[in-house]
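Residues 3 to 140 (the working numbering) are what the sequence shown spells out, left to right. Where a beta carbon is used, it is the ideal one built from N, C-alpha and C, also for glycine. Small disclaimer: the values here were computed from a predicted structure and weren't measured. Please read the structure below before turning to the comments.
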Amino acid sequence: FFFFFLMIRRPPRSTLSSSSAASDVYKRQVVYSPTYFCEINDYFTKLINAKEGGIKAVRYPRGGEHYKPSYYKFTGNTYDVYNSGKSDILVVTYGRMFSNVSLAVDLLKEEGVEISTLKLNKILPIDEKAVEEAKRYK
Numbered sequence: 003f004f005f006f007f008l009m010i011r012r013p014p015r016s017t018l019s020s021s022s023a024a025s026d027v028y029k030r031q032v033v034y035s036p037t038y039f040c041e042i043n044d045y046f047t048k049l050i051n052a053k054e055g056g057i058k059a060v061r062y063p064r065g066g067e068h069y070k071p072s073y074y075k076f077t078g079n080t081y082d083v084y085n086s087g088k089s090d091i092l093v094v095t096y097g098r099m100f101s102n103v104s105l106a107v108d109l110l111k112e113e114g115v116e117i118s119t120l121k122l123n124k125i126l127p128i129d130e131k132a133v134e135e136a137k138r139y140k
């Protein structure tokens, strides 16, 4: 089995006070992590047209595109869930790791193991609805 984990480090508590300039900048960071080239233009457009200030970034998929599962569909959402409700197991992934996770999920499906995948398209801040979706799994 493959396991992928997402960890986002917060600044030290001392920089998170309500009057802290560092806290304000951190709260306004937006980071998208596309898997495929078709996602990049949409994410850049969203960031360019965003009215809020702050640091904005797109982690782009360098090199060629990797495995794209047949069930993949670009939605423009902050996250997508694949194989929802058919499994007690959820793998959370983002960016190019989605290709590897999808390949592993497809191989396990051939062995009779059903796994759902939550693909984070916007990795900072994480959409609270994505967190709630993840809580539904074991």
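When Lys137, Ile50, Lys111 and Asn79 are compared, the shortest CA-CA separation from Lys121 is found for Asn79.
The alpha carbon of Glu134 has as its nearest neighbour, out of Gly56, Val83 and Cys40, the alpha carbon of Val83. Asn85 and Ile117 have their C-alpha atoms some 7 Å from each other. Excluding its 5 nearest sequence neighbours in each direction, Tyr62 has C-beta neighbours in its own chain below 8 Å: Pro36 and Ile42, listed in chain order. Contact annotation: the region 38-53 does not touch the region 102-112, with fewer than three C-beta pairs closer than 8 Å.
The three-state secondary structure of Ser118, taken from DSSP, is strand. The continuous stretches of beta strand (DSSP E) do not include Tyr45, which lies in the alpha helix (DSSP H) extending over residues Phe39 to Asn51. Non-local beta-carbon contacts of Glu67 in its own chain, meaning distances under 7 Å to residues more than five positions away in sequence, involve Tyr38 and Phe39 in chain order.
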